Amino acid sequence: MTENRSVQKTKRNLKDALIYFLKEKSIHQVKVKELTEKAEINRGTFYFHYSDIYELLDELEDDVFTELEKMFDQYDENLSKEINPASLLDVLFFSLSEKRDIIYILLGPNGSRSFSSRIDGWVDYHSRNILQSAFPEVEPEYHRLVSAFLIRGVIGTFKTWYETGQNQTHQELAEIIKKIIGNTAHKEG
1 MTENRSVQKT
11 KRNLKDALIY
21 FLKEKSIHQV
31 KVKELTEKAE
41 INRGTFYFHY
51 SDIYELLDEL
61 EDDVFTELEK
71 MFDQYDENLS
81 KEINPASLLD
91 VLFFSLSEKR
101 DIIYILLGPN
111 GSRSFSSRID
121 GWVDYHSRNI
131 LQSAFPEVEP
141 EYHRLVSAFL
151 IRGVIGTFKT
161 WYETGQNQTH
171 QELAEIIKKI
181 IGNTAHKEG
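So the sequence shown is numbered by the UniProt record's numbering: it starts at 1 and just counts up by one.
Quick look at the structure:
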């Protein structure tokens with residue numbers, strides 16, 4: 001069922017208000033009263049749409065993942081034509097950078113543990129699929145380990161990039177990581 005514009009606007013205002021408060025405090029400290037005041041709606045309207053703030057947070061997270069999937073799928077069309085695992089980094093950083101503000105807030109100290117786990121799972125899912133397509137002869141355990149490395153590397157790099165002013169494009173971020181991986185491999189070999 002498609003929501004009418006008024007409902008969409010109300011929900012958008014509530015999500016924007018929640019994001020505003022999550023910049024400063026944890027979800028447990030956000031009160032419905034202050035949220036509705038910031039969103040300029042009454043509490044009854046809030047409770048008409050959500051049972052509590054956590055349901056609003058869940059919907060916000062779902063919205064982010066829906067958008068991430070759309071972006072990844074659109075970008076992934078090019079990737080699937082010519083499987084290039086190095087392009088995976090570009091795809092991941094592109095997707096994350098497009099929703100950088102909300103993702104950073106949700107991954108930050110006032111964010112959501114469930115969101116962090118979902119991001120990890122999202123990176124894991126896509127990296128393993130691409131690795132398995134690119135290297136079907138390689139043991140799945142290898143894909144799992146590379147995926148674990150990518151999860152921490154991509155998320156850590158994303159957070160540092162955000163905190164230091166976002167001076168690089170998603171392509172530049174991917175290139176930096178490719179160089180780090182390449183230099184490490186050459187030193188080991």
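Note that the Cβ used here is the ideal one computed from N, Cα and C, for glycine as well.
In this text, all values refer to a predicted model and were calculated from it rather than measured experimentally.
Excluding the 5 residues flanking it on each side, residue 157 has same chain C-beta neighbours closer than 7 Å at 173, 177, in chain order. Taking 8 Å as the upper bound for CB-CB distance, residue 117 and residue 146 are not in contact here, some 19 Å apart.
Only buried fits residue 87, as 16 or more other CB atoms lie within 10 angstroms of its CB. Proximity to residue 179 across 135, 16, 89, 95 peaks at 89, based on C-alpha coordinates.
When the beta-carbon positions are compared, residue 64 and residue 119 stay at least 7 Å from each other.
Around the beta carbon of residue 51, a 10 Å sphere encloses fewer than 16 other beta carbons of the protein chains shown; the residue is thus reported as exposed.
In this structure residue 60 touches residue 18 by the C-beta definition: roughly 6 Å separates them, less than 8 Å. The beta carbon of residue 104 sits closer than 6 Å to the beta carbons of 162 from its chain, once the five residues preceding and following it are set aside; these are given in chain order.
Excluding residues up to 5 positions away in sequence, 170 lie with their Cβ nearer than 6 Å to the Cβ of residue 97 in the same chain.
If only uninterrupted alpha helix (DSSP H) runs of at least 4 residues are considered, those enclosed by the UniProt domain "HTH tetR-type" (8-68) are 32-39, 43-49.
Burial state of residue 121 is exposed, judged by a 10 Å Cβ sphere holding fewer than 16 other Cβ atoms.
For residue 160, the uninterrupted alpha helix (DSSP H) segment begins and ends at 140-163. Judged by their CB atoms, residue 56 and residue 14 are nearer to each other than the 7 Å cut-off.
Nearest to residue 151 by alpha-carbon distance, out of 131, 37, 124, 24, is 124.
Residue 114 places its beta carbon 7 Å or farther from that of residue 106. Separation of the CB atoms of residue 49 and residue 11 is rounded to 6 Å, and the pair is thereby assigned contact status at 8 Å.
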